[in-house]
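**Student:**
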Amino acid sequence: MSDWIDIAKLEDIPKRGARMVKTALGCVAVFRTADDEVFALDNACPHKAGPLAEGIVHGKSVTCPLHNWVISLETGKAQGNDEGQVTTYPARVEQGRILLERSFLRARTAA
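Going from the sequence shown to the numbering used here is simple: count from 1 and add 13.
#1: Taking C-alpha atoms, which residue in PHE52, TRP17 and LEU38 lies nearest to ARG32?
#2: Can you have a look at ILE84 and say buried or exposed, based on whether 16 or more other CB atoms are within 10 angstroms of its CB?
#3: Quick check on LEU38: does DSSP put it in helix, strand or coil?
#4: Could you tell me which residues DSSP pairs with THR101 in its beta bridges?
#5: Run through the DSSP bridge pairs and tell me what ILE84 is partnered with.
#6: Could you tell me which residues DSSP pairs with ARG32 in its beta bridges?
#7: With DSSP as the reference, please indicate the residues paired to ARG110 in a beta bridge.
#8: Could you check how far apart the C-beta atoms of CYS77 and HIS60 are, in whole angstroms? I think they sit under 8 angstroms.
Next comes the structure, spelled out in structure tokens:
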């Protein structure tokens, strides 16, 4: 059985926006798409650790605000000719609330 953490109302994150959740081992970026899907990734771009929560969300991708790397919200992989990946975490919406799976957050490694 999974243990989920309630972090916010869906409406607390604007469509095509993100918010950052601080954990003991670093920050997680939580994204909301135009279709109200939510995704959670490490908040550091694999290129030079740009703050992904400050990036531009488009479709199911985010563009890093520092060097324009495009990262898949579904897989965490860099797109195009760029190489690298960030960790993704299970996230879902239930009754208008955003939930993150606790066990995956606990399994994180320090950045």
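Even glycine gets a Cβ: it sits at the ideal position worked out from N, Cα and C.
**Tutor:** Based on what the coordinates show:
#1: Reading the sequence shown from its first residue, position 19 is the one you call residue 32. Residue PHE52 holds the alpha-carbon nearest to the alpha-carbon of ARG32 among PHE52, TRP17 and LEU38.
#2: Your numbering for residue 84 matches position 71 in the sequence shown. Buried: at least 16 other Cβ atoms inside 10 Å.
#3: In the sequence shown, the residue the question calls residue 38 occupies position 25. Here DSSP, grouped into helix, strand and coil, assigns LEU38 to coil.
#4: Here residue 101 corresponds to residue number 88 of the sequence shown, with the count starting at 1. In the DSSP secondary-structure assignment, THR101 is bridged to LEU54.
#5: As a first step, residue 84 is located in the sequence shown; it is residue number 71 there, counting from the start. In DSSP, ILE84 forms a bridge with VAL75 and ALA91.
#6: To locate residue 32, count along the sequence shown from 1; it is residue 19. For ARG32, which the question treats as bridged, DSSP gives the partners VAL43.
#7: Taking the first residue of the sequence shown as 1, we reach residue 110 at position 97. Paired residue(s): LYS22 and GLU107.
#8: The count along the sequence shown starts at 1 and reaches residue 77 at position 64. The count along the sequence shown starts at 1 and reaches residue 60 at position 47. Contact between CYS77 and HIS60 is confirmed by a C-beta separation of about 7 angstroms, below the 8 angstroms threshold.
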